[in-house]
Amino acid sequence: MDQVRVVKTICNMCASRCGIDVYLENGRITKVTGMQESPFNMLCVKARGIPEVAHSKERLTSPLMKVGGTFKEVSWDEALSFAAEKLTALKQEYGARSLLVHIGVPFIYSQTEYMARRFCDLFGTPNYTTGASFCFLARVIGESLTCGAYLSAHYPGAPKCMVIWGQNPTESRLLQADFIHALLGRGSKLIVIDPRVTPLAKKADIHAQIRPGTDCALALAMLNVIIEEGLYDKQFVENWTVGFPELIRHVKEFAPEKAEPITWIKAELIREMARMYAANSPSAVSPGISLDHSTNGIQAIRAITTLIAITGNIDVPGGNTYGPGFRMANLRVQGKPVDGPPVGTEYPIFTKYTQEQSVVPAIEQLCTGNPYPIKALLITGCNPALTWPNSNKFPRCRENLDFMVVMDIFMTDTAEMADLVLPGTSFLETENIRTYPSDMSRGGLPLIAKSNRVIDPVGNSMEDWKIWAELGSRMGFAEYFPWKENEELFEFLLQGTNISLEQLKQNPGGVYYGGRSHKKYLTEGFNTPSRKVEIYSKTLEDHNYDPLPTFHEPQESPFSRKDIAGKYPYLFVSGSRTIVYHHSQCRNLSVLRKILPEPLLEINPLTALELDIKDGDYVMVGSLRGSVKVKARLTKDVLPATVFMQHGWREANANLLTNDEERDPISGYPGFRSVMCRLRKVI
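Per numbering that gives the first Met the number 0, the sequence shown starts with residue 0, numbered consecutively.
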């Protein structure tokens, strides 16, 4: 009987990075379980798809070059030489800025991202972008502007009140959902703010079904109640905030009665929420990605952060806390000439706080060539044909490119359009050093862990970071890419830290690189220009943005676009999370496809009745950009006149309806969650 071997590593089927034990027999994965040593071992259904990721017959196994419209297999030498020649020629003709690099979510905060950034520095392009251009970073920016750091709910501190704001942890964060259920059993209060009736909403003390895109209005009304009734922490406000007098005047006219017709939430319920949150300290707020996906997102996040701060719930046990962060060696190359300006110059705040460019304004630039042409696109681990807003434009973007390279493990919609497809490795065939964003660890405990190789690279595939290093070497930058194996690179990255590679090897569940402390501001202040919580942001004022959290109607809504409200009377919300898939990943895995086999449009029965739509009927959903055909699922869990759909489906691409040109003025994020649409039953 063959011996079963167990490899301990980190799952990368989503961003939670759970520790897993992978069982192998005869070189094939037979079972995956949660790793006992890891604080993240509550595996979701996606783990069932891991064996298929490793052994799928659809895996890319050799470099593919498009010749006469058809892909043919080529050697790595031929593929990389071809790429280097094309990029060199385009740089000579159009300048280094004609190259745009785009990195997907699986590789953010990994050595692949570090190598791609190093490549950009050496090549001279300023146009480095990631999928974070429309995911997560808006919360980082909004909270950093206000209190100097990204905050996470401190569940281990047993908050007496939890606010889940635009988030569905049951489908996206199982560990968080587990904490919440445990705290409910101990008597903690729960407020859920979501237009959908999520599983947690059914257990909540208060569920506020908000109109999509109006979160800032709700937060301002809650601030009005808390200030009018004196429910704020007067000592903290006096000593540690800037702009509170201005805030008092700002929210005075934003009573719950004013917010009610905007948010669709009853004024008395707004008062009840504000009182429950303020009176049950410590209280913790978990803002979700729905806040990012709004044209008023940054200001909504700032308003919520202000709520956290003035009630004294910032950096206290059971409130919202921030960790120390972990800095590995910097692979950026300084002093090389950069061919500017970059894409997205209209969003300087985004660049300042993220050190990258927003890809969203680049979509139109790819189509028009203004203010300058982008002629080459290098993509790693993402599928912009499905994930970029207004996917109708992507074929036009492609037409204007002279060269497109995709690094991936499967032939995606985007890869099919490429000139060159380079087979990378899955997380099972490589190693990585993973740091955990504070909201994904146990209350933000600072953790770092090493993932391990489970199987050898499939076919002739290559680790993605090595692809970038090899390409850089072919372009004359070999001296900047001296690392040949993972351990060499890891030793370099860890130098100067208090963690050794040997420690990570000996502790597969990870190593804590710092303790948990609270009220750090008492000795350090906040990481803002004033060293205080900046309710009034001079930084925003200096960039001609509203310095106080200010509500603006979604740029596409029945109120802001009354001219088209008759033709497009419904609200379309994309991006609803499912535990089965992650963004556009995993839908080619048969074991997961059996669980959720097709895209669905969630419609309230009252709305469906108006249009004679029955459960299981096909519906044509149309917006100003395009239309998509999708099967209807009737449910009372969504508000009337609103419809909800997951993104990432090839068969029904939600982003054919979304808008790339209407964006948050500060972050550049598109309004994925508020799109005017019309519905028609398909006969």
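By construction, the Cβ of each residue, glycine as well, lies at the ideal position given by its N, Cα and C atoms. All of these numbers come straight from a predicted model, not from anything done at the bench.
Taking C-alpha atoms, which residue in 2, 17, 21 and 497 lies nearest to residue 454?
Answer by Cα proximity: 21.
Please state if the CB of residue 250 and the CB of residue 219 are separated by a distance shorter than 7 Å.
Cβ distance < 7 Å, so residue 219 and residue 250 count as in contact.
Between which two residues does the alpha helix (DSSP H) harbouring residue 541 extend?
537 to 541 is the span of the alpha helix (DSSP H), which, as asked, contains residue 541.
Taking the alpha-carbon positions, what's the residue 325 to residue 435 distance?
Distance between the alpha carbons of residue 325 and residue 435: 9 Å.
Would you call the CB atoms of residue 328 and residue 494 closer than 7 Å?
Contact: yes.
Counting Cβ pairs closer than 8 Å, one from the stretch 610 to 625 and one from the stretch 341 to 352, do we hit at least three?
No: the two stretches stay apart, fewer than three of their Cβ pairs being nearer than 8 Å.
Kindly provide the ranges of any beta strand (DSSP E) runs that are 3 or more residues long and lie completely inside the stretch 178 to 204, ordered along the chain.
Correct list: 188 to 192.
Can you list, in chain order, the residues of its chain whose CB lies under 7 Å from that of residue 271, leaving out five sequence neighbours each side?
Here the set comprises 205.
Given a threshold of 16 other Cβ atoms within 10 Å of its Cβ, counted over all protein chains shown, does residue 66 qualify as buried or as exposed?
So residue 66 counts as exposed.
Have a look at residue 440 and residue 174 and give me their C-alpha separation to the nearest angstrom.
Only weak support is given to the placement of residue 440: the predicted model assigns it a pLDDT of 47, under 50, and the question is left unresolved by the model.
If I'm right that residue 418 touches residue 380 with Cβ under 8 Å, what's the distance once you round it to whole angstroms?
Contact doesn't hold; Cβ gap of about 18 Å is too wide.
Do the stretch 271 to 284 and the stretch 637 to 652 touch if we need at least three Cβ pairs shorter than 8 Å?
No, the stretch 271 to 284 is not in contact with the stretch 637 to 652.
Using only CA atoms, which one of 81, 597 and 631 lies nearest to residue 402?
Here the closest residue by C-alpha is 81.
Examine the Cβ distances between the stretch 283 to 295 and the stretch 495 to 508 and report whether three or more of them are shorter than 8 Å.
Touching, no, given that fewer than three Cβ pairs across the two stretches are closer than 8 Å.
Please classify residue 374 as buried or exposed, where buried requires at least 16 neighbouring CB atoms within 10 angstroms.
Counting Cβ neighbours within 10 Å, residue 374 comes out buried, since at least 16 surround it.
How many whole angstroms separate the CB atoms of residue 421 and residue 83, which I take to be in contact at a CB cut-off of 8 Å?
That pair is no contact at about 13 Å.
In angstroms, rounded to a whole number, what distance separates the CA positions of residue 592 and residue 58?
Between residue 592 and residue 58, the C-alpha separation is close to 17 Å.
Taking CB distances under 7 Å as the criterion, tell me whether residue 360 reaches chain D.
The chain labelled as chain D is not found in the depicted structure, where only one protein chain is given.
Residue 164 lies in the alpha helix (DSSP H); which residues open and close that run?
Not the alpha helix (DSSP H): residue 164 falls in the beta strand (DSSP E), residues 160 to 164.
For a quick check, are the C-beta atoms of residue 170 and residue 578 less than 7 Å apart?
Cβ distance < 7 Å, so residue 170 and residue 578 count as in contact.
Can you pull the DSSP bridge partners for residue 447?
Note: residue 447 sits in a beta bridge opposite 434 and 510.
Among residues of its own chain, excluding the 5 on either side of residue 254, which ones have a beta-carbon nearer than 6 Å to its beta-carbon?
The residues are 223.
Applying the 10 Å Cβ sphere with the 16-neighbour rule, what's the burial state of residue 619?
Looking at its Cβ environment, which holds fewer than 16 other Cβ atoms inside 10 Å, residue 619 is exposed.
Thinking C-beta only, is residue 214 closer than 7 Å to residue 157?
No.
Any idea what DSSP makes of residue 521, helix, strand or coil?
Residue state, collapsed to three classes: helix.
Which stretch, first to last residue, makes up the beta strand (DSSP E) that contains residue 284?
Where residue 284 is concerned, the enclosing beta strand (DSSP E) stretches over 282 to 286.
On a CA-only basis, which of 385, 429 and 393 is nearest residue 653? Give me that one, please.
Considering only alpha carbons, the answer is 385.
What number of angstroms, rounded off, separates the C-alpha of residue 44 from the C-alpha of residue 561?
Residue 44 and residue 561: Cα-Cα distance of roughly 43 Å.
Taking its Cβ as the centre, do 16 or more other Cβ atoms sit within 10 Å of residue 69, making it buried, or is it exposed?
The residue is exposed, with fewer than 16 neighbouring Cβ atoms inside 10 Å.
Would residue 683 and residue 672 be called neighbours here (beta carbons separated by less than 7 Å)?
For residue 683 there is no data in the structure shown, the boundaries of the chain being 0 and 682.
What does the alpha-carbon distance come out to for the pair residue 588 and residue 426?
Cα to Cα, residue 588 sits roughly 16 Å from residue 426.
When you compare each of 571, 610 and 145 to residue 600 by their alpha carbons, which one comes out closest?
Of the candidates 571, 610 and 145, the one whose C-alpha sits nearest the C-alpha of residue 600 is 571.
Buried or exposed: which applies to residue 394, given that a residue is buried once 16 or more other Cβ atoms fall within 10 Å of its Cβ?
With fewer than 16 Cβ atoms within 10 Å of its Cβ, residue 394 is classed as exposed.
Look at residue 625 and residue 399 and say whether their C-beta atoms are less than 7 Å apart.
No, Cβ-Cβ distance for residue 625 and residue 399 is not below 7 Å.
For residue 659, which option in 396, 146, 37 and 7 has the closest C-alpha, if you only look at C-alpha atoms?
The residue with the shortest Cα to Cα distance from residue 659 is 396.
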